[in-house]
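S.K.:
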Amino acid sequence: MKQQDIKTEEQFMGQNIWISLSAGIVCLLLCVYSLIKQDQHIGGLLTVGMGVFFYVVIVIIYLIKGGFPLKMYFQYAYKDEFLNTIDTNAYKHLSFAFVFCLLGVFYKGDEIASEVSHATMAIFYLGIMLLVYGASLLWQNRD
Amino acid sequence: MQNNIAKYRKEARLSQQELADAINVSRKTISTVETNRFTPSVIIALKIAKHFNTSVESLFVLDEND
Numbered sequence: 003m004k005q006q007d008i009k010t011e012e013q014f015m016g017q018n019i020w021i022s023l024s025a026g027i028v029c030l031l032l033c034v035y036s037l038i039k040q041d042q043h044i045g046g047l048l049t050v051g052m053g054v055f056f057y058v059v060i061v062i063i064y065l066i067k068g069g070f071p072l073k074m075y076f077q078y079a080y081k082d083e084f085l086n087t088i089d090t091n092a093y094k095h096l097s098f099a100f101v102f103c104l105l106g107v108f109y110k111g112d113e114i115a116s117e118v119s120h121a122t123m124a125i126f127y128l129g130i131m132l133l134v135y136g137a138s139l140l141w142q143n144r145d
Numbered sequence: 007m008q009n010n011i012a013k014y015r016k017e018a019r020l021s022q023q024e025l026a027d028a029i030n031v032s033r034k035t036i037s038t039v040e041t042n043r044f045t046p047s048v049i050i051a052l053k054i055a056k057h058f059n060t061s062v063e064s065l066f067v068l069d070e071n072d
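As they're listed, the protein sequences go chains Z and B.
The numbering of the first sequence is my numbering, which starts it at 3 and goes up by one.
The numbering of the second sequence is my numbering, which starts it at 7 and goes up by one.
1) Could you spell out where the alpha helix (DSSP H) holding residue 15 (chain B) opens and where it closes?
2) Could you please give me the residues that DSSP links to residue 101 (chain Z) through a beta bridge?
3) Quick check: what's the CA-CA separation for residue 52 (chain B) versus residue 25 (chain B)?
4) Give a yes or no on whether the minimum CB-CB distance between residue 117 (chain Z) and chain B is below 7 Å.
5) Against chain A, which members of the segment 25-41 of chain B pass a CB distance test of less than 7 Å?
6) Is there a C-beta anywhere in chain Z that falls below 7 Å from the one on residue 47 (chain B)?
7) When DSSP builds the beta bridges, which residues end up paired with residue 67 (chain B)?
8) Could you confirm whether any beta carbon from chain Z is found closer than 7 Å to the beta carbon of residue 44 (chain B)?
9) List, in chain order, every chain Z residue whose beta-carbon is nearer than 7 Å to that of residue 50 (chain B).
10) Work out the CA separation of residue 59 (chain B) and residue 15 (chain B) for me, nearest whole Å.
11) Is the distance from the Cβ of residue 65 (chain B) to the Cβ of residue 29 (chain B) below 7 Å?
12) With a threshold of 7 Å between beta-carbons, can residue 89 (chain Z) be considered close to chain B, or not?
13) Using Cβ-Cβ distances below 8 Å, what residues of the segment 4-35 of chain Z are close to chain B?
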């Protein structure tokens, strides 16, 4: 294992953190929008759609500029011991957050006096998981 | 568990990055080991000890709670 590989992994971890955090925030904003805007007219949806499209384009540019080999996105584990450990811990935090949200929705879901679609709930869970994954990595990766 | 890695590193006038480069780990590994936030594997402990030409026991000291 070369030192260059380790440095690439460190940079890759940094990229993962910010993409996870931003994607999580976007997903949660989408949920909040669909919750407060029940009467979704075409103008509002177009604005949100354009916003999400703009975000996706920025992420794709960010990914391309990162210049990491494609295989890094599909590797199961990090080679560096510390990065691998914090990645595993982040998945544990993500799992706890997901179960916590599921239980919260199960017990308190009926108290929200608003109709929420399955798609919105799926985006909500995805947003929570991405946000917790990014926040966990950011917190563990501090100096 | 306490460790004397920072002391050995400073005596050798090495930065965290230089030590990390020497033993093929990330700088964050050295940083978190020094601050006792991460317990390294035996392999890394042996690599650090070998780099400073000392024993693992002199680098890592067990607490009473360990």
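We put the CB at the ideal spot given by N, CA and C, even for glycine.
M.R.: Taking the coordinates as given:
1) Looking up residue 15 (chain B) in the second sequence gives position 9. Counting along the chain, the alpha helix (DSSP H) containing residue 15 (chain B) begins and ends at 11-17.
2) Sequence index remark: in the first sequence, residue 101 (chain Z) carries index 99 (1-based). Per DSSP, none; premise fails for residue 101 (chain Z).
3) For the purposes of this step, residue 52 (chain B) is taken as residue 46 along the second sequence, with counting starting at 1. For the purposes of this step, residue 25 (chain B) is taken as residue 19 along the second sequence, with counting starting at 1. Taking the straight line joining both Cα atoms gives about 13 Å.
4) Taking the first residue of the first sequence as 1, we reach residue 117 (chain Z) at position 115. No, because no Cβ of chain B sits closer than 7 Å to the Cβ of residue 117 (chain Z).
5) Of the chains in the structure shown, none is chain A; the protein chains are Z and B.
6) What you label residue 47 (chain B) is simply residue 41 of the second sequence in a count that begins at 1. For residue 47 (chain B), the answer is yes, since a Cβ of chain Z falls inside 7 Å of its Cβ.
7) By 1-based counting over the second sequence, the position of residue 67 (chain B) is 61. Beta-bridge pairing links residue 67 (chain B) to B:8.
8) Here residue 44 (chain B) is taken as the residue at index 38 of the second sequence, counted from 1. Yes - at least one Cβ of chain Z is within 7 Å of the one on residue 44 (chain B).
9) The residue you call residue 50 (chain B) lines up with position 44 of the second sequence. Simply 83.
10) Counting from one through the second sequence, the residue named residue 15 (chain B) turns up at place 9. Counting from one through the second sequence, the residue named residue 59 (chain B) turns up at place 53. In a straight line, the C-alpha of residue 15 (chain B) is about 12 Å away from that of residue 59 (chain B).
11) Position 59 of the second sequence, counted from the start, is the residue given in the question as residue 65 (chain B). Position 23 of the second sequence, counted from the start, is the residue given in the question as residue 29 (chain B). No, Cβ-Cβ distance for residue 65 (chain B) and residue 29 (chain B) is not below 7 Å.
12) Position 87 of the first sequence, counted from the start, is the residue given in the question as residue 89 (chain Z). Answer no: the Cβ-Cβ gap between residue 89 (chain Z) and chain B never drops below 7 Å.
13) 4, 5, 8, 9, 11, 12
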